[in-house]
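Enquirer:
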Amino acid sequence: MTQTALTAEPNAARTASRHHLLHSLQAVEVQRPAATVAQPAANSTPPLMSATGLFKSYRKGKHIIPVLKGVDFAIRPGEFVAIVGQSGSGKSTLLHLLGTLDEPDAGEIQFEGNRIDNLPQRARDVLRNKYFGMIFQFYHLLPELSTLENVLVPKMIGEGIARYWWKRREHARQATQLLELVGLGHRLTHRPKELSGGEMQRAAIARALVAGPQLLLADEPTGNLDRQTGADIMRLLRSLNREQNLTIIMVTHDNTIAGMADRTVRLVEGLVERVA
Ligand SMILES: Nc1ncnc2c1ncn2[C@@H]1O[C@H](COP(=O)(O)OP(=O)(O)OP(=O)(O)O)[C@@H](O)[C@H]1O
Ligand SMILES: [Mg+2]
33 MTQTALTAEP NAARTASRHH LLHSLQAVEV QRPAATVAQP AANSTPPLMS
83 ATGLFKSYRK GKHIIPVLKG VDFAIRPGEF VAIVGQSGSG KSTLLHLLGT
133 LDEPDAGEIQ FEGNRIDNLP QRARDVLRNK YFGMIFQFYH LLPELSTLEN
183 VLVPKMIGEG IARYWWKRRE HARQATQLLE LVGLGHRLTH RPKELSGGEM
233 QRAAIARALV AGPQLLLADE PTGNLDRQTG ADIMRLLRSL NREQNLTIIM
283 VTHDNTIAGM ADRTVRLVEG LVERVA
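Each residue of the sequence shown is one higher than the last, beginning at 33 in this note's numbering.
Encoded structure:
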């Protein structure tokens, strides 16, 4: 991606085929022949995203709370990486920096070889909307919108009102299919406050996927789900990763869930301790 590509259209074919996958995911999972499974890029492939020497502290009154103290991280195209660590170790902080929602105090983040942490706010917003899907630990659904409308928000932002309006039926169809896929087909018109925690989480997952992102940043995507629903969501993420080469960075405190990723990165005392 070049700096100018920040404003370019996403790869339409990839997006279309990802939506096709979403239509037929369950069937694909059952029938997928091993030979067609996408593999993460070889070690020599340049990273899709990398971070070097990330520092981040928060200020609380007179106190400075150091959280990240020189974190290095890299993920190759098509990889599925889990970030684990104790509560308060800085997992969400790191994910927010990688997703350009916040800026590091020091260090650098690159996406497809271009530095992104120092981009102007507007360029970071465009980058996020077009290339990243984000699942937040606390969902951040808009309370006044229905489940379906919440899932459509990235489309509205990405396309602008006129273009969105023109294709609104197609978008609504896609968003409905995604919501059906995460088991929320019967909750389209509910507002977030009328949903359970797990339902809000699944709505947030559908919203993160609706624009066909290249990189998914997921903060505890199964944190509030029962084991069965959590396993279903993990199967969905694994399939998007394997079949569509969706690169995934997932924060989790659950070792079983982390074990389903290709690789685990552990944050300890502000640093990456171990890469499994
Ligand atoms: N805006 C803020 N202001 C002050 N301190 C903050 C702020 N955000 C986070 N912190 C502190 O930074 C540390 C790291 O927070 P972070 O949310 O990244 O942890 P985490 O690893 O995601 O934890 P959890 O597993 O509980 O979600 C915590 O000690 C937290 O209290
Ligand atoms: Mg967190």
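We treat Cβ as the ideally placed atom computed from N, Cα and C, and that holds for glycine.
Helix, strand or coil for Val304? Go by DSSP, reduced to three states.
Expert: strand
Enquirer: Candidates Lys92, Lys88, Pro109: which alpha carbon is nearest Val99's?
Expert: Lys88
Enquirer: What residues are listed by DSSP as bridge partners for Ile107?
Expert: Met81
Enquirer: Smallest Cα separation from Gly117: which of Gly110, Glu111, Arg108, Leu127?
Expert: Leu127
Enquirer: Assign Thr279 to buried or exposed, taking buried as 16 or more other Cβ atoms, counted over all protein chains shown, within 10 Å of its Cβ.
Expert: buried
Enquirer: Taking only heavy atoms of ligand 2 into account, decide whether any of them is closer than 7 angstroms to the Cβ of Ser89.
Expert: Checking every heavy atom of ligand 2 against the Cβ of Ser89, none is found closer than 7 angstroms.
Enquirer: Would you say the beta carbon of His172 is closer than 7 angstroms to some non-hydrogen atom of ligand 1?
Expert: no
Enquirer: Per the DSSP calculation, Leu216 is bridged to which residue(s)?
Expert: Looking at the DSSP assignment, Leu216 forms no beta bridge with any residue, so it has no partner.
Enquirer: Take Gln246 as the anchor and find which of Phe164, Lys187, Arg298 has the nearest alpha-carbon.
Expert: Phe164
Enquirer: In three-state terms, what does DSSP make of Pro245?
Expert: coil
Enquirer: Could you please go through the chain and list the residues whose beta-carbon is closer than 6 angstroms to any non-hydrogen atom of ligand 1?
Expert: Tyr90, Lys92, Ile97, Val99, Gly117, Ser119, Gly120, Ser121, Gly122, Lys123, Ser124, Thr125, Gln169, His285
Enquirer: Spatial neighbours of Thr84 within its chain, please: CB distance less than 7 angstroms, with the 5 preceding and 5 following residues excluded, ordered by chain position.
Expert: Closer than 7 angstroms at the Cβ level, and outside the excluded window around Thr84, lie Asp104, Gly139, Glu140.
Enquirer: Starting from Gly139, trace the beta strand (DSSP E) both ways and give me its first and last residue.
Expert: 138–143
Enquirer: Can you check whether the CB of Asn182 is closer than 8 angstroms to the CB of Ser239?
Expert: Looking at the sequence itself, residue 239 is Arg, so the reference to Ser does not match. Yes, the pair counts as a contact, with Cβ atoms nearer than the cut-off.
Enquirer: Based on DSSP bridge pairs, tell me the residues matched to Met282.
Expert: Ala114, Ala250
Enquirer: Where does Ile148 sit, in a helix, a strand or coil, going by DSSP?
Expert: coil
Enquirer: Helix, strand or coil for Pro98? Go by DSSP, reduced to three states.
Expert: strand
Enquirer: How would you label His203, buried or exposed, when you count the other beta carbons within 10 angstroms and need 16 or more for buried?
Expert: buried
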